[in-house]
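Undergrad: Take 422 as the starting number for the sequence shown in my numbering and just add one per residue.
Even glycine gets a Cβ: it sits at the ideal position worked out from N, Cα and C.
The model shown is predicted, which means the values in this text are computed figures rather than measured ones.
Structure in structure tokens, see below.
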Amino acid sequence: MIGNTGVSPNGPRAMMTHPTTDAPSPVGTNEPLVSISGVSKLFSRRGRTVEALRDVDLTIGDGEFVSLLGPSGCGKSTLLRIIGGLQTADRGTVSVGGGDVQHARAAKQYGLVPQAPALLPWKTVADNVRFLTSLHRRRGSEQVMNDAEIQELLVTVGLAGFERSYPHELSGGMQQRVSLVRAFAVGAPILLMDEPFAALDEITRADMRYLLLDLWSRTHATVVFVTHSVTEAAILSDRVVVMAARPGRVAAERTIELPRPRTPEMEDEPNFHEQVRRLRADLREHHA
Ligand SMILES: Nc1ncnc2c1ncn2[C@@H]1O[C@H](COP(=O)(O)OP(=O)(O)OP(=O)(O)O)[C@@H](O)[C@H]1O
Ligand SMILES: [Mg+2]
């Protein structure tokens, strides 16, 4: 079981030492890391009240890759922000490794990958990554990567030779790759990703999925990934939480029955199409 710091009692996850397979542990054996119980959230604006979340119950296992899938406005970002302690629930509880979210936040348990890369424009690629890792290191996080490991990750995502470039010299896809490297380099055990590939073209986006799985396989982090895309959710996830709107709620949960490592070839297989079909049916059934 995870202690109340959220750090595994077996010590920091060994960075960069795992073989490149995106198979941290078999689905269903992961111990609970994030437990969400009865979470509700209302927003009131100009006399109108929106029920962003109603009675959400969800458990996320240590090392699990979980996607939140649903239509616009169903509360995906709100739920992600509540898990990360960036927003508070009106009702219900969220625990992380047995402690509360603010404790997890203070202990640097979270890494965030937003929709836009949010790099510092005056820092080079390498310095953008180092800046965040140095902050984490100063606050005593043990899992931060060193310069050699960061360099290895930059090479992995195809950014060799761009270490000294500035963000404006990179394409959107390259910037988002820096953003991914930065998130993994700080060694946070929980990565919260809010539609990180939404702004990318379809081909770049497809490549980014496998890059993400490659990085994930090296760290064994727990990932909560928000997406509108059924195929993206199916290829990436161990489990997909299908959400519905008005009120925002969990409509269904599906374990993705595909082996790891996931490969682009799998996307042509009948079994993959079956996973996608099931998710689409869930979405349709609960569409308001
Ligand atoms: N700060 C806020 N103030 C008022 N209403 C909000 C606020 N944040 C979210 N909402 C409302 O709560 C509901 C859920 O919003 P949320 O951003 O979580 O949805 P989402 O599923 O992430 O949507 P999208 O896919 O478009 O990003 C929406 O109806 C939204 O308008
Ligand atoms: Mg959102």
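What is the rounded straight-line gap between the Cα of Asp-521 and the Cα of Pro-691?
TA: Rounded to whole angstroms, Asp-521 to Pro-691 spans 42 Å at the Cα level.
Undergrad: Can you tell me whether DSSP reads Asp-568 as helix, strand or coil?
TA: Helix, per DSSP.
Undergrad: When a residue counts only if its C-beta is closer than 5 Å to some heavy atom of ligand 1, which residues count, in chain order?
TA: Per the Cβ criterion, the list is Phe-464, Arg-466, Val-471, Ala-473, Ser-493, Gly-494, Cys-495, Gly-496, Lys-497, Ser-498, Thr-499.
Undergrad: Does Glu-623 pass the burial test, meaning 16 or more other C-beta atoms within 10 Å, or should it be called exposed?
TA: The residue in question, Glu-623, is exposed, as its Cβ has fewer than 16 Cβ neighbours within 10 Å.
Undergrad: For Asp-511, name the three-state secondary structure that DSSP assigns.
TA: Asp-511 falls in the coil class under three-state DSSP.
Undergrad: Take Gln-596 and list the residues in its own chain whose beta-carbon comes closer than 8 Å to its own, dropping the five residues that flank it on each side.
TA: The residues are Pro-538, Leu-540, Pro-588.
Undergrad: For the beta strand (DSSP E) containing Asp-622, list its first residue and its last residue.
TA: Premise fails: Asp-622 is in no beta strand (DSSP E) and is neither H nor E.
Undergrad: Let me check one thing: in DSSP terms, what residues is Asp-628 bridge-paired to?
TA: In the DSSP output, where bridge partners are listed per residue, Asp-628 has none listed.
Undergrad: Helix, strand or coil for Ser-386, going by three-state DSSP, please let me know.
TA: What is shown of the chain runs 422 to 709, which leaves residue 386 out entirely.
Undergrad: Quick one: residues in its chain with C-beta nearer than 7 Å to the C-beta of Cys-495, no 5 flanking neighbours on either side, listed in chain order?
TA: So the list reads Met-664, Ala-665, Ala-666, Gly-669, once near-sequence residues are dropped.
Undergrad: Identify every residue that forms a DSSP beta bridge with Tyr-531.
TA: BP columns for Tyr-531 point to Ile-611.
Undergrad: Reducing DSSP to helix, strand and coil, say where Glu-590 ends up.
TA: Three-state result, Glu-590: helix.
Undergrad: Using C-beta distances below 6 Å, list every residue in its chain close to Pro-542, excluding the 5 sequence neighbours before and after it, in chain order.
TA: Excluding sequence neighbours, Pro-542 sits near Pro-588.
Undergrad: With respect to the alpha helix (DSSP H) encompassing Ile-504, which residues constitute its N-terminal and C-terminal limits?
TA: Counting along the chain, the alpha helix (DSSP H) containing Ile-504 begins and ends at 497-504.
Undergrad: Could you tell me which residues DSSP puts in a beta bridge with Glu-472?
TA: According to DSSP, which records beta bridges pairwise, Glu-472 is partnered with Leu-463.
Undergrad: Within a Cβ cutoff of 6 Å, which residues of the same chain sit near Gly-506, ignoring the five residues on either side of it in sequence?
TA: Around Gly-506: Val-522, Gln-523, Arg-526.
Undergrad: Three-state secondary structure (DSSP) at Ala-606?
TA: The answer is helix: DSSP assigns Ala-606 an H, G or I state.
Undergrad: What do you get for Gly-491, buried or exposed, if any count of 16 or more other CB atoms within 10 angstroms of its CB means buried?
TA: Classification for Gly-491: buried.
Undergrad: DSSP state of Thr-640, grouped into three classes?
TA: Helix at Thr-640.
Undergrad: Does any C-beta atom of chain C lie closer than 8 Å to the C-beta of Ile-504?
TA: Absent from the structure is chain C; it holds one protein chain and no more.
Undergrad: Under 8 Å by Cβ, that's how I've got Phe-646 and Ser-498 pegged, so tell me the actual separation to the nearest angstrom.
TA: Not really, about 12 Å apart at Cβ, beyond 8 Å.
Undergrad: Under the criterion of a Cβ to heavy atom distance below 7 Å, does Val-647 qualify as lining ligand 2?
TA: For ligand 2, at least one heavy atom lies less than 7 Å from the Cβ of Val-647.
Undergrad: How big is the Cα-Cα spacing for His-641 and Pro-610?
TA: Whole-angstrom Cα-Cα distance: 8 Å.
Undergrad: Measure the alpha-carbon distance for Val-477 versus Arg-466 and round it to whole angstroms.
TA: Answer to the nearest angstrom: the Cα atoms are 22 Å apart.
Undergrad: Where does Glu-690 sit, in a helix, a strand or coil, going by DSSP?
TA: Glu-690 falls in the coil class under three-state DSSP.
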